[in-house]
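Each residue of the sequence shown is one higher than the last, beginning at 1331 in my numbering.
We treat Cβ as the ideally placed atom computed from N, Cα and C, and that holds for glycine.
Note that this is a predicted model, so its numbers are computed, not measured.
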Amino acid sequence: IPRVASEFMHMGEEAPLVPSYTIFFAGCTFKCQFCQNWDISQDPNSGAEVTPRELARLVERGKEEGARNVNWVGGNPDPNLHAILEALRECEANLSSVWNSNMYYSSEAAELLRGTQDIYLTDFKWYDDGCARKYSKVDRYLEVVSRNHLSSFSDAELIIRHLVMPGHLQCCTRPILHWIARNLGPHVRVNVMDQYRPCYLASKYPEINRPLTGSEYEQALRFAREAGLQNLED
1331 IPRVASEFMH MGEEAPLVPS YTIFFAGCTF KCQFCQNWDI SQDPNSGAEV TPRELARLVE
1391 RGKEEGARNV NWVGGNPDPN LHAILEALRE CEANLSSVWN SNMYYSSEAA ELLRGTQDIY
1451 LTDFKWYDDG CARKYSKVDR YLEVVSRNHL SSFSDAELII RHLVMPGHLQ CCTRPILHWI
1511 ARNLGPHVRV NVMDQYRPCY LASKYPEINR PLTGSEYEQA LRFAREAGLQ NLED
């Protein structure tokens, strides 16, 4: 049974999405050492249990309150895929569905998702698998996440978030942006994000235990332009 840590009308998402009725699930498939939502993501027992029927009623309430979409997030929504799909079948509200995910899920999950979502709001965090193992504690990151980006791009609208990490512009930011342009085209929507702050266990890693600098962020934007990306989030 999924557990919902919080749900509310979110006004801080990308402009085309707001107001977005956001449902935060407890738990995550990553163990990011710098997670800003660690109290939710790293505690799968936080929040309250909800049934698929209760999820459907929440979505209907969001529609009544003026939401443009329902935004499934966390933590990460992927472990609760079965309950979310059942809730969407039961839901009587006509509301766009946003899959807000780290994109680290199986081919079987991707097939179950196909045709059920209107927008994939994705996170493309690492290009170097060593970085993914060190800071998010996952293996085969690039293989899995690139595969799922290609799958979702063929299925629905795509908005890709890339959180620029201090000290990771050459190993991760630059090749990610070039991969996106090369494989998904110059017009896919990309949000190059400067919101990194050292949280949770970041103090164990001196190289990321600091905020991103302005010059690093400007360099990331230059990499996006260098790659030919033309649809960057303002």
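- A residue is called buried once 16 or more other Cβ atoms fall within 10 Å of its Cβ, and GLY1460, having fewer, is exposed.
- Look at HIS1412 here: in three-state DSSP terms it is helix.
- For PHE1553, the enclosing alpha helix (DSSP H) starts and ends at 1544-1557.
- The three-state reading of DSSP puts HIS1479 in helix, counting H, G and I together.
- The continuous stretches of alpha helix (DSSP H) do not include ILE1538, and DSSP gives it neither H nor E.
- The secondary-structure analysis by DSSP pairs MET1495 with nothing; it has no beta-bridge partner.
- Per the Cβ contact rule, the stretch 1388-1404 is not in contact with the stretch 1463-1471 (fewer than 3 Cβ pairs under 8 Å).
- In the DSSP assignment, ILE1370 is bridged to no other residue.
- Below 8 Å, enough C-beta pairs join the stretch 1352-1369 and the stretch 1524-1536 to call them touching: three or more.
- If the five residues before and after SER1466 are omitted, its C-beta is found closer than 8 Å to the C-beta atoms of PHE1360, LYS1361, CYS1362, GLN1363, LYS1455, TRP1456, all from its own chain and listed in chain order.
- Within its own chain, the residues whose Cβ lies closer than 7 Å to the Cβ of GLU1420, once the five positions on either side in sequence are excluded, are PRO1382, ARG1383, ALA1386, listed in chain order.
- Cβ neighbours of ILE1449 within its own chain (closer than 8 Å, five residues either side excluded): LEU1347, ASN1399, SER1426, SER1427, VAL1428, TRP1429, ALA1486, GLU1487, LEU1488, ILE1489.
- In this chain, the beta strand (DSSP E) harbouring ILE1353 covers 1350-1355.
- HIS1340 carries a strand assignment under DSSP once its states are collapsed to helix, strand and coil.
- Taking 4 residues as the shortest admissible run, the stretch 1498-1529 contains the following complete alpha helix (DSSP H) segments, listed from N- to C-terminal end: 1504-1514.
- In this structure, VAL1520 and LEU1480 do not form a Cβ contact; the two beta carbons are roughly 15 Å apart against a cut-off of 8 Å.
- Around GLY1445, the same chain offers ASP1485 as residues with beta carbons nearer than 8 Å, after the five sequence neighbours per side are excluded.
- Exclusion of the five residues before and after LEU1415 leaves LEU1442, THR1446 as the residues of its chain whose Cβ lies within less than 7 Å of its Cβ.
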